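Residue numbers (our numbering), protein chains in the order written: chain G, 1 to 313; chain C, 314 to 521. C-beta: ideal position from N, C-alpha, C; glycine also. Note that the structure is a prediction, hence the values are computed from the model and not measured. Here the structure comes first, spelled out in structure tokens, and everything after it is commentary.
Next comes the structure, spelled out in structure tokens:
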């Protein structure tokens with residue numbers, strides 16, 4: 001009996017350590033970074049500091065999740081990466097070139113599908129491919145491949161409003177991938193979907209990513225989503241927006257959102273976020289965070305400033 | 314009147330003028346509206362001008378038109394153009410302004426710029442508004458044409474109407490009036506309605 005107990009204690013300790021080792025502070029990597037964010041700060045006109053001295057290096061082929069409550073500046077940072085807005089200080093480079101305006105080397109996927117409503121699924125893809133200079137035949141072929149990759153065969157001639165929300169977001173993903181961008185930027189692309197569809201999208205994105213190993217920067221406020229998808233999870237906190245932790249996720253892929261280790265890690269991150277929030281807010285919210293959502297006061301600064309209409313072209 | 318071919322020739326004459334004036338107005342008005350919506354400079358200088366001139370009934374252009382073009386075909390076409398141009402411009406401008414800003418941002422990040430952006434995103438995005446403007450422009454053009462023809466003798470349905478009054482033939486007057494109404498209704502309710510519905514369905518704005 002005593003040996004049994006000691007074995008159980010040992011197992012428990014081992015488990016603890018196992019979980020610890022699955023989430024470690026990410027190390028500095030050798031070689032030039034794909035994306036360099038250095039000393040970026042941004043203040044809105046109402047003097048809310050959205051970003052304060054943010055430094056991030058993203059390397060080629062990394063899947064990085066920016067995680068944080070609303071108002072922590074994660075979307076602002078992503079829009080700056082896309083070139084849709086210019087931060088008030090600091091520098092962002094992709095492959096050594098300073099980001100100044102939006103471009104197809106850094107395709108941004110929005111929370112909404114942003115499809116052209118008057119074009120069919122296939123035309124939505126071929127239209128942007130033509131803009132990149134592909135011939136009709138090349139564009140058709142490429143559209144076919146990517147529509148197949150997001151498993152929408154048979155819906156090529158459907159119009160966006162005839163599809164479900166998840167299907168539309170898949171078209172949007174196919175369109176972004178078909179452009180073969182150097183960097184794929186994603187702004188909570190699955191936040192508007194129901195839980196089942198979202199988890200199907202996670203599987204799809206994981207399988208596509210494992211095949212292409214694109215550099216991805218993915219913004220989310222959902223801890224589990226970040227852990228399922230990311231190689232690295234950069235935890236951000238608001239007021240002022242800053243990087244709290246930069247963690248490397250060492251779970252094997254493909255990942256299951258209900259995996260025990262993943263659930264334990266998500267609790268760990270959530271606790272860290274709650275502590276950070278308590279430290280910055282004079283009146284800590286008494287409410288316990290529910291689900292896997294990041295605790296964030298609802299009455300805060302809006303999480304994203306839409307850049308002026310048509311900014312950059 | 315219908316038998317001796319006067320009605321027929323007057324109708325074709327009127328419709329010919331209308332087509333000239335209206336197509337010209339559409340060709341100028343749509344690009345003008347798109348540009349006004351897209352450029353700040355145009356918005357500041359042009360927008361108040363267009364809004365102000367819209368308060369002017371189109372027939373008030375006739376005296377100026379006659380001074381410029383003389384008692385000619387161009388004079389009446391000019392009145393038709395001025396009658397519908399402003400409505401088309403304003404609607405095109407509104408149409409562009411109401412294009413989903415998300416689509417504009419997405420176009421930027423997808424690398425769509427220049428002419429492709431205007432022709433492939435902005436104009437199709439604004440098309441529901443543009444079609445509404447064209448429909449409105451058409452009815453303005455039709456009114457302007459009739460007023461012009463009534464005042465200034467040059468053949469056409471308006472003149473036929475005026476002739477009816479001069480020879481005290483109420484039947485002719487009423488006949489021509491019915492004819493004007495029928496043409497207006499057919500174009501407005503049939504041709505434009507079909508196009509408008511098609512666009513709205515394709516754009517997902519109306520149930521299929």
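Around the C-beta of residue 56 (chain G), 16 or more other C-beta atoms lie within 10 Å, and the residue is accordingly described as buried.
With its beta carbon less than 7 angstroms from one in chain G, residue 422 (chain C) belongs to the interface. For residue 199 (chain G), the closest C-alpha among the options G:222, G:139, G:87 and G:216 is that of G:222.
In this structure, the CA atom of residue 348 (chain C) is about 11 angstroms from the CA atom of residue 407 (chain C). By the rule that beta-carbons nearer than 7 angstroms mark a contact, residue 240 (chain G) does not touch chain C. Along the length of the segment 210–244 of chain G, whole alpha helix (DSSP H) runs at least 4 residues long occupy 223–229, reported in chain order.
Three or more Cβ pairs closer than 8 angstroms define a contact, and the segment 440–455 of chain C meets that threshold against the segment 389–400 of chain C. Going by C-alpha positions, residue 427 (chain C) is about 11 angstroms away from residue 420 (chain C). The residues 327, 330, 331, 334, 389, 392, 393, 396, 469 and 471, in chain order, have a CB closer than 8 angstroms to that of residue 458 (chain C) in the same chain once the five nearest residues on each side in sequence are set aside. Out of G:151, G:28, G:118 and G:52, the CA that lies nearest to the CA of residue 203 (chain G) is found in G:151. The three-state secondary structure of residue 36 (chain G), taken from DSSP, is strand.
For residue 56 (chain G), the enclosing beta strand (DSSP E) has its first and last residue at 49–58. Note that the C-beta distance between residue 512 (chain C) and residue 444 (chain C) is below 7 angstroms. Put simply, of G:247, G:235, G:216 and G:260 the residue whose alpha carbon is nearest the alpha carbon of residue 275 (chain G) is G:235. The DSSP-derived three-state label of residue 508 (chain C) is helix. Shortest Cα-Cα distance from residue 232 (chain G) to any of G:53, G:265, G:175 and G:240 involves G:265. C-alpha of residue 486 (chain C) to C-alpha of residue 417 (chain C): approximately 53 angstroms in a straight line. Using a CB distance cut-off of 7 angstroms, residue 439 (chain C) does not count as an interface residue toward chain G. Excluding five sequence positions before and after residue 245 (chain G), the CB atoms of its chain that fall closer than 6 angstroms to its own CB belong to 235, given in chain order. For the options G:153, G:97, G:101 and G:93, the alpha carbon positioned closest to that of residue 85 (chain G) is the one of G:101.
When the five nearest sequence neighbours on each side are left out, the beta carbons in the same chain lying within less than 7 angstroms of the beta carbon of residue 345 (chain C) are those of 402, in order along the chain.
In the structure shown, residue 89 (chain G) falls within a strand segment according to DSSP collapsed to helix, strand and coil.
Here residue 519 (chain C) has 510 and 513 as same chain residues with Cβ atoms under 8 angstroms from its own Cβ, once five neighbours each way along the sequence are excluded.
Within a 10 Å sphere around the beta-carbon of residue 210 (chain G) sit fewer than 16 other beta-carbons, which makes this residue exposed. Under the three-state reduction of DSSP, residue 384 (chain C) is assigned to coil, being neither helix nor strand. Of all C-beta pairs linking the segment 428–437 of chain C to the segment 371–387 of chain C, fewer than three are shorter than 8 angstroms, placing the two stretches out of contact.
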